[in-house]
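This report concerns only the one structure given below.
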Amino acid sequence: MYRVATVCAVHCLIICQGAEGAEPGTELRSGVHLVVNEMPFIATGHTIAGCQPYRPCFIDGHRMFGAIGLPKTMLASVRISYLGNNYQLDVAGMYDPLLGPDLRGRWDGYCYDGRNCTVRAVLGDAGGSYAAEWQVVNGVVTRTILTDSADVVNFIRSNLLAPRYE
């Protein structure tokens with residue numbers, strides 16, 4: 000019960016912040032509005048393999064990122080908004096993101112206009128960090144990166160705000 004209460008408290012901190020009367024979420028440096036929802040992971044209904052010491056976990060046939068052993072939480076949804084356009088980002092396979100009340104140190108993004116954006120995140124912790132990148136091109140969302148490669152995670156961590164091309 001304590002863990003569920005903690006997860007719910009963190010969840011509320013993430014989606015309930017913001018100015019009074021404003022939509023819940025976080026305003027990133029470039030003006031992109033981010034709403035992240037995390038939920039408890041419930042193993043029932045999933046096919047789980049591995050998850051042994053020194054062996055990777057596979058959930059529903061996909062290698063899991065963000066946890067060692069069975070995950071405790073997972074991303075339920077991520078939505079970005081910019082210039083009145085809203086985009087749901089693919090969060091499949093993203094476990095134990097270890098979100099805190101301030102997402103800006105782990106998430107950033109830039110929109111060139113209302114239909115073209117790049118969003119990056121570094122999630123998890125030192126034992127299970129992973130990086131993700133999504134691109135919106137002409138209004139179509141694609142997750143372009145989901146990896147726990149140390150080189151890529153460190154690159155994204157150092158370059159959270161994607162480059163702006165002229």
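In our numbering, the protein residues as written are 0 to 165. For glycine and all other residues, C-beta sits at the position ideal for the given N, C-alpha and C. These numbers were taken from a predicted model, which means no experiment stands behind them.
Going by Cα to Cα distance, which pick from 126, 60 and 98 is closest to residue 47?
Checked all of 126, 60 and 98; the closest Cα to residue 47 is 60.
Measuring only the C-alpha atoms, how far is residue 57 from residue 158?
29 angstroms
Check each candidate in 113, 110 and 119 and name the one with the smallest Cα separation from residue 89.
119
First and last residue of the uninterrupted alpha helix (DSSP H) at residue 151
Note, residue 151: alpha helix (DSSP H), 149 to 157.
Using 8 angstroms as the Cβ pair cut-off and three pairs as the minimum, do the region 82 to 102 and the region 125 to 136 touch?
yes
Grouping DSSP H, G and I as helix and E and B as strand, with all else coil, what is residue 97?
coil
Within 10 angstroms of its Cβ, does residue 82 collect 16 or more other Cβ (buried), or is it exposed?
exposed
Inter-residue CB distance, residue 133 and residue 141 (contact presumed, cutoff 8 angstroms):
7 angstroms
What does a CB cutoff of less than 7 angstroms around residue 85 pick up in its chain, not counting 5 residues either side in sequence?
By the criterion of a C-beta distance shorter than 7 angstroms, residue 85 is surrounded in its chain by 78, once the five residues flanking it on both sides are discounted.
Whose CA, out of 71, 152, 26 and 55, lies closest to the CA of residue 80?
Just measuring C-alpha positions, the residue of 71, 152, 26 and 55 sitting nearest residue 80 is 26.
Give the single residue among 41, 75 and 63 whose Cα lies nearest to the Cα of residue 51.
Comparing Cα positions, the closest option is 63.
With a threshold of 6 angstroms on Cβ separation, who are the neighbours of residue 151 within its own chain once the five nearest residues in sequence on each side are excluded?
130
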